[in-house]
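Those protein sequence lines, which keep their order, are chains Y and S. Using the UniProt record's numbering, the letters of the first sequence correspond one by one to residues 1 to 346. Using the UniProt record's numbering, the letters of the second sequence correspond one by one to residues 1 to 346. Quick reminder that beta carbons are idealized off the backbone N, C-alpha and C, glycines included. Taking it in order: structure first as structure tokens, then the write-up.
Protein chains: 2
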Amino acid sequence: MDKKYTIKDIAQMAGVSKGTVDRVLHNRGKVSPAALEKINEVLNVIDYEPNLIARNLKNTKIYKICVLLPDPEIDSYWLPCVNGIQDAVKEFKPYSVNISIQYFNPESKKSFVNANNAVLSLEPDAVLIAPVFHKETIEAVKIYEESNIIVNTFNNQIESNTVKCFVGQDLYKSGRVAASLMNLILSEGQIAIVHIDESLKNAVHMQEKEKGFRSYFEEKKLNNFSLTTLKLKHPNVESKFLNFLEENPHLKGIFITTSKAYQIATTLSELKHKKIALIGYDLIEKNVNYLNRGLLHFLIHQNQKRQAYLGVSTLAEHFLYSKEIPETILLPIDIINVENADFYIY
Amino acid sequence: MDKKYTIKDIAQMAGVSKGTVDRVLHNRGKVSPAALEKINEVLNVIDYEPNLIARNLKNTKIYKICVLLPDPEIDSYWLPCVNGIQDAVKEFKPYSVNISIQYFNPESKKSFVNANNAVLSLEPDAVLIAPVFHKETIEAVKIYEESNIIVNTFNNQIESNTVKCFVGQDLYKSGRVAASLMNLILSEGQIAIVHIDESLKNAVHMQEKEKGFRSYFEEKKLNNFSLTTLKLKHPNVESKFLNFLEENPHLKGIFITTSKAYQIATTLSELKHKKIALIGYDLIEKNVNYLNRGLLHFLIHQNQKRQAYLGVSTLAEHFLYSKEIPETILLPIDIINVENADFYIY
DNA sequence: TTTTTTAGTGTGTTCGAGCACATTTTTTCT
DNA sequence: AGAAAAAATGTGCTCGAACACACTAAAAAA
Numbered sequence: 001m002d003k004k005y006t007i008k009d010i011a012q013m014a015g016v017s018k019g020t021v022d023r024v025l026h027n028r029g030k031v032s033p034a035a036l037e038k039i040n041e042v043l044n045v046i047d048y049e050p051n052l053i054a055r056n057l058k059n060t061k062i063y064k065i066c067v068l069l070p071d072p073e074i075d076s077y078w079l080p081c082v083n084g085i086q087d088a089v090k091e092f093k094p095y096s097v098n099i100s101i102q103y104f105n106p107e108s109k110k111s112f113v114n115a116n117n118a119v120l121s122l123e124p125d126a127v128l129i130a131p132v133f134h135k136e137t138i139e140a141v142k143i144y145e146e147s148n149i150i151v152n153t154f155n156n157q158i159e160s161n162t163v164k165c166f167v168g169q170d171l172y173k174s175g176r177v178a179a180s181l182m183n184l185i186l187s188e189g190q191i192a193i194v195h196i197d198e199s200l201k202n203a204v205h206m207q208e209k210e211k212g213f214r215s216y217f218e219e220k221k222l223n224n225f226s227l228t229t230l231k232l233k234h235p236n237v238e239s240k241f242l243n244f245l246e247e248n249p250h251l252k253g254i255f256i257t258t259s260k261a262y263q264i265a266t267t268l269s270e271l272k273h274k275k276i277a278l279i280g281y282d283l284i285e286k287n288v289n290y291l292n293r294g295l296l297h298f299l300i301h302q303n304q305k306r307q308a309y310l311g312v313s314t315l316a317e318h319f320l321y322s323k324e325i326p327e328t329i330l331l332p333i334d335i336i337n338v339e340n341a342d343f344y345i346y
Numbered sequence: 001m002d003k004k005y006t007i008k009d010i011a012q013m014a015g016v017s018k019g020t021v022d023r024v025l026h027n028r029g030k031v032s033p034a035a036l037e038k039i040n041e042v043l044n045v046i047d048y049e050p051n052l053i054a055r056n057l058k059n060t061k062i063y064k065i066c067v068l069l070p071d072p073e074i075d076s077y078w079l080p081c082v083n084g085i086q087d088a089v090k091e092f093k094p095y096s097v098n099i100s101i102q103y104f105n106p107e108s109k110k111s112f113v114n115a116n117n118a119v120l121s122l123e124p125d126a127v128l129i130a131p132v133f134h135k136e137t138i139e140a141v142k143i144y145e146e147s148n149i150i151v152n153t154f155n156n157q158i159e160s161n162t163v164k165c166f167v168g169q170d171l172y173k174s175g176r177v178a179a180s181l182m183n184l185i186l187s188e189g190q191i192a193i194v195h196i197d198e199s200l201k202n203a204v205h206m207q208e209k210e211k212g213f214r215s216y217f218e219e220k221k222l223n224n225f226s227l228t229t230l231k232l233k234h235p236n237v238e239s240k241f242l243n244f245l246e247e248n249p250h251l252k253g254i255f256i257t258t259s260k261a262y263q264i265a266t267t268l269s270e271l272k273h274k275k276i277a278l279i280g281y282d283l284i285e286k287n288v289n290y291l292n293r294g295l296l297h298f299l300i301h302q303n304q305k306r307q308a309y310l311g312v313s314t315l316a317e318h319f320l321y322s323k324e325i326p327e328t329i330l331l332p333i334d335i336i337n338v339e340n341a342d343f344y345i346y
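Have a look at this one:
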């Protein structure tokens, strides 16, 4: 059972040479109908799976994968991604895959375009993009498409049929998860949905979360809650938020749609305002601190590290083992509180 | 940069033959100090990493890994494990690792002993055990130890210094997570900790969870709660539980320490008793059904599939790539409610 | 009929590590 | 010094897939 057959075995069984078997397996033609039938007969009986080790050994082609990532020194949100990519680099180091990262400034479209040009000049076989700039990404994808470069995206979803794959989270559903948790902490009252530093580049992202959050309360007909949306932007985050708090003294909960929940928590902790329920995103250090201090109640783990890792490894495995690339890879929406946070921090 | 060097390259650079380099790399001796130094000099400058593909190609030794698992036809709890192992089988099929499962009856110690003997006769290089019988496992481990067979365990932890590795969850902490969620749903009242079908084989398991659960309430000095332990056993689960309900009409919440929360949910649903908070373990179909119907509030995902997969893959990667085997691999304590359950079901 | 073309088939080499075995060099012993 | 033993080093084959190239046989053209 499950004996491993080689091309040589098949050749012997079919009474032909391994060259002929090889031609059949790769339909390279130049095979007589008689030989074809004999080999197919054998192939139908046994369960041949080519030895991937041997296949890759000969493969002299080195596949190039480029990752386009915002510079984590400018926005530390992306730091875990670098770790995920490094994991992939490590894993595929012995194989004929070359993975490199190209950083860009997440606040500059020009920087993003430049990074794309730099990547293009490297002539990669595939790219993994964090598409923070929507229009520019669509344009870049078109060029990659023309050069037959496989495009994979992660974190943000963009609608483009030339993008092979997206790795990320169902943002709408994650908003719903946040809502269900909020509904558990609170039984009634006013809840604020806070978008911090919203810009074109992440507007869709945040809005999806808001939609999901609201849908939960609407669907359940929870009329004893009132939902307010609040947009805050650097450098007026704190002042504007303080204004809002003054205008809404009975605020019971806040859902922060980004990883910047700690900013809200900081302000509240200074006010000794402990009674407001806070739910945010991402296990960054500052957030976890407030989780431990009891000021932040839940975090939703977007697991960017794994997103980046899967984005790269999917491509690498496609090249090495001709694995199919799935259209979307949705990561689970991990619910984190102070009791289980430890296990998600690597 | 990062050019890949081969043994041949090193040999050329050091001015010796690849045979000598090979002897140095594997300290097989029979190398003159002069040659040793020349080769070490080269090795210090470059960053040599053997090509694992080529290494495994020649490897004629086929490593045998046996998994000892309760028969999922007798206890469906173990079904996900089979899937996890099958994933590993698939992944390592092209490599020289042979993975086989030996089932035993989780209700019969004799069957477990027999299964161990069957495994021993296969002369495996490593075994992965689901140690449901404590004493018998310790004895089996001793014999494996004598035969130089690496032992890995998962799901249940047993204290034995000859076991190389354990893959599982921090049960105490998972009890605490359950408690924190219970404390969110309820603000006061009586909570029952229910052990269903407790036996020697899983007593420690359940008690750890109970300890964790209780520790949360004690630590937080939540005196407005009262905790009661209830042990139920087949075939009197329902009748005894009904008795308990009658005796404790003000019961507010139930923490079920096994995957059998659905049994409690069934009874409660028949009584149209919707107000009791239920928290249990494991994403089995029956549990998820009650989650969707709103009768079960939270499930803690023990991820047996991944436990089994990691148990096997850790061993396989140890043999193939001489990766170190970690002492413990703790999986995260996933919090599941009706909103995020979909993403955890494969 | 002989030569050329082409369809069909088989052979041999490559990839890199690992290891058995052959060969060379050095040391030891008579 | 010369033979034998031991140490050091080099050579060559293997694993399985892939592919270039050599070869045979039959069909087409001269």
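Only counting the same chain, and skipping five residues up and downstream in sequence, which positions put a Cβ closer than 6 angstroms to that of Asn98 (chain Y)? Excluding sequence neighbours, Asn98 (chain Y) sits near Ile62, Lys64.
Closest Cβ-Cβ distance between Ile53 (chain Y) and chain S: below 8 angstroms? Yes - at least one Cβ of chain S is within 8 angstroms of the one on Ile53 (chain Y).
Let's test the definition: count the other Cβ atoms within 10 Å of the Cβ of Asp22 (chain Y) and tell me whether it reaches 16, buried, or not, exposed. exposed
Quick check: the segment 205–220 of chain Y against the segment 236–247 of chain Y, are there 3 or more CB pairs under 8 angstroms? Touching, no, given that fewer than three Cβ pairs across the two stretches are closer than 8 angstroms.
Would you decide whether Lys260 (chain Y) is buried or exposed? Buried here means 16 or more other CB atoms lie within 10 Å of its CB. buried
N-terminal and C-terminal residue of the beta strand (DSSP E) that Lys272 (chain S) is part of: Here Lys272 (chain S) belongs to no beta strand (DSSP E), and DSSP marks it neither H nor E.
Which first and last residues belong to the alpha helix (DSSP H) in which Ala14 (chain S) is found? It spans 7–14 - the alpha helix (DSSP H) in which Ala14 (chain S) sits, taken as one unbroken run.
So, does the CB of Glu219 (chain Y) fall closer than 8 angstroms to a CB anywhere in chain S? no
Rounded to whole angstroms, what is the Cα-Cα separation between Phe225 (chain Y) and Gln190 (chain Y)? 6 angstroms
For Arg176 (chain S), would you say it is in contact with chain Y, using Cβ-to-Cβ distances shorter than 8 angstroms as the test? yes
In this structure, does DSSP put His297 (chain S) in helix, strand or coil? coil
Sorted by chain position, which residues of the same chain lie with C-beta nearer than 7 angstroms to Ser174 (chain Y)'s C-beta, five sequence neighbours on each side aside? Lys209, Gly212, Ile300, Ile333
Would you kindly work out how many angstroms separate the C-alpha atoms of Asn337 (chain S) and Thr6 (chain Y), rounded to a whole number? 49 angstroms
Pro33 (chain Y) - containing beta strand (DSSP E), residue span: Counting along the chain, no beta strand (DSSP E) covers Pro33 (chain Y); the unbroken alpha helix (DSSP H) around it starts and ends at 33–45.
Considering only the alpha carbon of each residue, which of Y:Ala179, Y:Val31, Y:Phe92, Y:Leu122 lies closest to Lys220 (chain Y)? Y:Ala179
Residue-chain proximity (Glu327 (chain Y), chain S), Cβ-Cβ < 8 angstroms: Closer than 8 angstroms: no.
Please look up how many angstroms separate the CB atoms of Ala265 (chain Y) and Leu278 (chain Y), rounded, as I've assumed it's under 8 angstroms. For Ala265 (chain Y) against Leu278 (chain Y), the beta-carbon gap comes to about 6 angstroms, under 8 angstroms, which counts as contact.
For Tyr172 (chain Y), which option in S:Asn303, S:Glu198, S:Tyr346, S:Asn340 has the closest C-alpha, if you only look at C-alpha atoms? S:Asn340
Return the residues of the segment 326–346 of chain S that lie within a Cβ-Cβ distance of less than 9 angstroms from chain Y, sorted by chain order. Those would be Leu330, Leu331, Pro332, Ile333, Asp334, Ile335, Ile336, Asn337, Val338, Glu339, Asn340, Asp342, Phe343, Tyr344, in chain order.
Report the option in Y:Pro72, Y:Asp125, Y:Ala130 whose CA atom is closest to the CA atom of Glu145 (chain Y). Y:Asp125
In terms of DSSP beta bridges, what is Ile99 (chain Y) paired with? DSSP lists Y:Ile65 as partners of Ile99 (chain Y).
Express the C-alpha separation of Ile53 (chain Y) and Ala11 (chain S) in angstroms, rounding to a whole number. 24 angstroms
Closest Cβ-Cβ distance between Ile185 (chain S) and chain Y: below 8 angstroms? yes
Does the beta carbon of Tyr103 (chain Y) sit closer than 8 angstroms to a beta carbon anywhere in chain S? no
Assumed close pair Ile39 (chain S), Val16 (chain S) - CB separation to whole angstroms, cut-off 8 angstroms: 7 angstroms
Closest by CA to Ala34 (chain S), which one among S:Pro50, S:Ile46, S:Ala14? S:Ala14
Of all the CB atoms in chain S, is at least one closer than 8 angstroms to the CB of Met1 (chain Y)? Residue placement at Met1 (chain Y) cannot be trusted, given a pLDDT of 43 that sits under 50; the coordinates are not used to answer.
Backbone CA spacing between Lys8 (chain S) and Ser313 (chain Y) [nearest angstrom]: 30 angstroms
In the segment 90–115 of chain Y, which residues sit with their C-beta less than 9 angstroms from some C-beta in chain S, listed in chain order? Lys93, Pro94, Tyr95, Ser96, Asn98
Going along chain Y, which residues have a C-beta under 7 angstroms from Asn56 (chain S)? In chain order: Ile53.
For Lys323 (chain Y), go through chain S and note every residue whose CB falls closer than 7 angstroms to its CB, in chain order. Under the 7 angstroms cutoff, chain S gives no residues; its nearest Cβ is about 11 angstroms from Lys323 (chain Y).
In the DSSP assignment, find the beta strand (DSSP E) that holds Ser121 (chain S) and state where it starts and stops. Taken as a continuous stretch (DSSP letters only), Ser121 (chain S) belongs to no beta strand (DSSP E), being part of the alpha helix (DSSP H) at 109–121.
Have a look at the DSSP bridge pairing and note the partners of Ala192 (chain S). S:Thr228, S:Ile254, per the DSSP bridge assignment.
Determine the DSSP secondary structure at Phe244 (chain Y), reduced to helix, strand or coil. helix
Against chain S, with Cβ distances strictly below 8 angstroms, would Ser313 (chain Y) count as a contact? no
8 angstroms contact criterion, which Cys165 (chain Y) and Lys305 (chain Y) should meet: CB distance rounded: Not confirmed; about 18 angstroms, so no contact.
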